[in-house]
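What follows is one structure encoded as structure tokens, with my remarks underneath.
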């Protein structure tokens, strides 16, 4: 019952928001949303995730492992990874489309899917058996919801 309630709360805070940007804070993925009243809503991911558009992966957490061509040894610290280049492209698209979140689903093992207009979706899938935070969704300054729930 608690897991169902958590998904209901995440659905409540995300549905209808506008997907604003994709990025990272060190090696943590970040997706930012704007609510109808100017709220800042975020999903932070420390586990594997990907963004899919029409059945094609357009960004994946593993993209943080690979430097852009000619980026040099400091590529990760200088935000010159494949992830950063793809996030920049996605952010330009998001800035033009202003897509709204249309649905949120969760799985028993912590999977989280956030779908938005024009065929995009964020898929988050925890892969650690330990009691380590995999992801969290929250409105800035309000309650946090995540997986596993006891880490939030």
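Residue numbers (our numbering): 5 to 156.
We put the CB at the ideal spot given by N, CA and C, even for glycine.
Excluding the five sequence neighbours on either side, which residues of its own chain have a C-beta within less than 6 Å of the C-beta of residue i, listed in chain order?
{"i": "residue 54", "result": "61, 64 and 127"}
{"i": "residue 19", "result": "105"}
{"i": "residue 22", "result": "38, 102 and 104"}
{"i": "residue 162", "result": "Because the chain in this structure spans residues 5 to 156, residue 162 falls outside the shown range and cannot be described."}
{"i": "residue 15", "result": "108"}
{"i": "residue 49", "result": "33, 128 and 139"}
In this structure, how does DSSP classify residue i when only helix, strand and coil are distinguished?
{"i": "residue 30", "result": "coil"}
{"i": "residue 16", "result": "helix"}
Which word fits residue i, buried or exposed, when buried means at least 16 other C-beta atoms lie within 10 angstroms of its C-beta?
{"i": "residue 30", "result": "exposed"}
{"i": "residue 110", "result": "buried"}
{"i": "residue 147", "result": "exposed"}
{"i": "residue 40", "result": "exposed"}
{"i": "residue 2", "result": "One cannot answer for residue 2 here, as it falls past the ends of the chain, which runs 5 to 156."}
So who's on the other strand from residue i, going by DSSP bridges?
{"i": "residue 117", "result": "109 and 127"}
{"i": "residue 44", "result": "38"}
{"i": "residue 55", "result": "63 and 126"}
{"i": "residue 147", "result": "Its beta-bridge partners do not exist; DSSP assigns none."}
{"i": "residue 140", "result": "48 and 150"}
{"i": "residue 22", "result": "38 and 104"}
Can you list, in chain order, the residues of its chain with a C-beta nearer than 8 Å to that of residue i? Leave out the 5 residues immediately preceding and following it.
{"i": "residue 154", "result": "135"}
{"i": "residue 98", "result": "23, 24, 25 and 26"}
Looking only at its own chain, which residues have a Cβ that is under 7 Å from the Cβ of residue i, when we skip the five neighbours before and after it?
{"i": "residue 145", "result": "none"}
{"i": "residue 71", "result": "79, 84 and 85"}
{"i": "residue 27", "result": "34 and 91"}
{"i": "residue 5", "result": "Any reading at residue 5 needs caution, since the residue's pLDDT is 41, under 50, leaving its predicted position unreliable; the model's value is listed next. Here the set comprises nothing."}
{"i": "residue 131", "result": "51 and 52"}
query: Which runs of the beta strand (DSSP E) spanning at least 3 residues fall entirely within the segment 61-110, listed in chain order?
result: Qualifying beta strand (DSSP E) stretches, in chain order: 105-110.
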